[in-house]
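Participant:
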Amino acid sequence: MPSRPPAALSPKGVVSIFEAVATPTAALSKRDAILAAATRVFLRQGYEGTSMDLVAQESGAARRTLYNQFPDGKEELFRAVVERVWSAFPVLDIVAEAETQADPNVGLRRIAAAVAAFWEPPLAIAFLRMIIAEGTRFPDLTESFFKHGKTPAMGAVRAYIEMQAERGLLTIKDGERAARQFLGLIDEPLLWIRVLGRDEKFSQSERQAVIDEAVDIFLGHYRTRRAGR
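The sequence shown begins at 1 in full-length UniProt numbering and counts up one residue at a time.
(1) Are the region 134-145 and the region 153-171 touching by the rule of at least three beta carbon pairs closer than 8 Å?
(2) Is it buried or exposed for Gln148, if we count other Cβ within 10 angstroms and need 16 for buried?
(3) Taking the DSSP output, what are the residues bridged to Arg194?
(4) Name the two residues that bound the continuous alpha helix (DSSP H) containing residue 230.
(5) Kindly list the residues whose CB is nearer than 7 Å to the CB of Leu191, restricted to its own chain and excluding five residues on each side of it in sequence; keep chain order.
(6) What residues are listed by DSSP as bridge partners for Arg223?
(7) With 7 Å set as the bound, which would you pick, yes or no: does the beta-carbon of Phe218 sit closer than that to a beta-carbon of chain B?
(8) What does the Cβ neighbour count give for Gly220, buried or exposed, with the cut at 16 atoms within 10 Å?
(9) Below 8 Å on the Cβ atoms is my guess for Arg84 versus Leu35; work out the distance and round it to an integer in Å.
Next up, the structure:
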């Protein structure tokens, strides 16, 4: 029976922006408080309906303060929100851990647990829905979401998988495709059904089953036979 490492929820000391949105006192700094307020406005009004004035009103900050921190206005503020959303995704910390590097069974389970935890809050689903809904009219939103968040996160997972292949523990022909396949095994049952409007609530045991099965399926296909146990 493979070991089941505990889920890694976020990098040490980093509060999820969605926690700060739901509980304003969770914000660790004035900037965090502004970004949490901006996130609330973006979710409530959409990108088009959001203005710096509304964010100033929501955050209690002066309009001048907002423009001092975000001189390019709403577009720069949204980029900062996206970066802050992804800052609580701990994949970079996970792949750097010695135990994670030594054993893909450990590393992939920790990555999978982090992905499941990252998308667990309903506010995270609402944020992704907003990106999808507004992205066709404002392509820069989608570009920002990928450039400042999803692409670096995917790159870290791909680099980890390719590192394990270089060590002879996995047999991988296409690291990008393998990374997408692995994340798809988690996102399809836990994420997309909720993005599309189903009010699904998964128990911890149900999420853990998805994590375990995703890793077992992935390693069953890609693990080098001599590395299997």
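Even glycine gets a Cβ: it sits at the ideal position worked out from N, Cα and C.
Facilitator: According to the structure shown:
(1) no
(2) It is worth fixing the name first, because residue 148 is His in this sequence and not Gln. His148 comes out buried.
(3) Answer is none; Arg194 lacks a bridge partner.
(4) Residue 230 falls outside the range modelled here, since the chain spans only 1 to 229, and no answer is possible.
(5) Trp119
(6) Leu170
(7) The question asks about chain B, but that chain is absent: this structure has only one protein chain.
(8) exposed
(9) 5 Å
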